[in-house]
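Just add 2 to wherever you are in the sequence shown, counting from 1, and you've got the working numbering.
Every residue gets a Cβ at the ideal spot worked out from N, C-alpha and C, and that includes glycine.
Taking it in order: structure first as structure tokens, then the write-up.
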Amino acid sequence: MIYTMLTSKAMEIAYNAHHGQKDVNGVPYIFHPMHVAEGMKDELTTCVAILHDVVEDTDVTMEELSEVFPENVIECLKILTHDDSEDYFEYIKRIAANPVAKIVKLGDLAHNMDESRIYDKTTVSEEQLNWWRFKYEKALNILSQS
Numbered sequence: 003m004i005y006t007m008l009t010s011k012a013m014e015i016a017y018n019a020h021h022g023q024k025d026v027n028g029v030p031y032i033f034h035p036m037h038v039a040e041g042m043k044d045e046l047t048t049c050v051a052i053l054h055d056v057v058e059d060t061d062v063t064m065e066e067l068s069e070v071f072p073e074n075v076i077e078c079l080k081i082l083t084h085d086d087s088e089d090y091f092e093y094i095k096r097i098a099a100n101p102v103a104k105i106v107k108l109g110d111l112a113h114n115m116d117e118s119r120i121y122d123k124t125t126v127s128e129e130q131l132n133w134w135r136f137k138y139e140k141a142l143n144i145l146s147q148s
């Protein structure tokens, strides 16, 4: 992750947007996009990583973000924002076509696949864990082969 005025603005927006959200263990959700951003090497991928769940999981709109961020950030965020009407694996194939979105999604998947994040196994059923394992491993395979 790098620190610039633009990445600082992304952090501010993501922190406010995800305020009050928790993961399955009750950890503030903002730690997830920040963790993904830690693996990024430039301003573009850092901004996209920090903001990758903002439109999908909060009330912030793409239009609001487009008032603050350049088109290359917005383009990647549009690709990374999954619409529930789209098949998940078609969405992953779409991501594979954009190098920046692909880098961020690989970081997102790596963090999502880290089961040590789920330290209280009573918060998630084995069935849910198995679904996540299947889904994320298949997504990783699709991205790795592109």
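- Going by beta carbons, VAL102 and THR47 fall inside the 7 Å limit.
- DSSP places LYS95 in the uninterrupted alpha helix (DSSP H) bounded by 90 to 98.
- Between VAL75 and ALA19, the CB-CB gap reaches or exceeds 7 Å.
- In the assembly as shown, HIS54 is a buried residue. Its beta-carbon has 16 or more other beta-carbons within 10 Å.
- Inter-residue distance for PRO35 and ILE52 is about 5 Å (C-alpha atoms, whole angstroms).
- The three-state reading of DSSP puts LYS24 in strand, counting E and B together.
- Check the Cα spacing between ILE144 and each of GLU128, GLU92, TYR31, MET64: the tightest is with GLU92.
- GLN23 and ILE94 have their alpha carbons spaced roughly 25 Å apart.
- When the beta-carbon positions are compared, THR9 and CYS49 come within less than 7 Å of each other.
- Per DSSP, the beta bridge partners of PRO30 are LYS24.
- Judged by DSSP secondary structure, ASP59 falls within the alpha helix (DSSP H) whose first and last residues are 56 to 59.
- Sequence-distant partners of ASP110 (beyond 5 residues in either direction) whose C-beta falls short of 7 Å from its own C-beta, in its chain, are VAL38, HIS54.
- Within a 10 Å sphere around the beta-carbon of PHE71 sit 16 or more other beta-carbons, which makes this residue buried.
- Following the DSSP letters along the chain, one finds LYS11 inside the alpha helix (DSSP H) bounded by residues 7 to 19.
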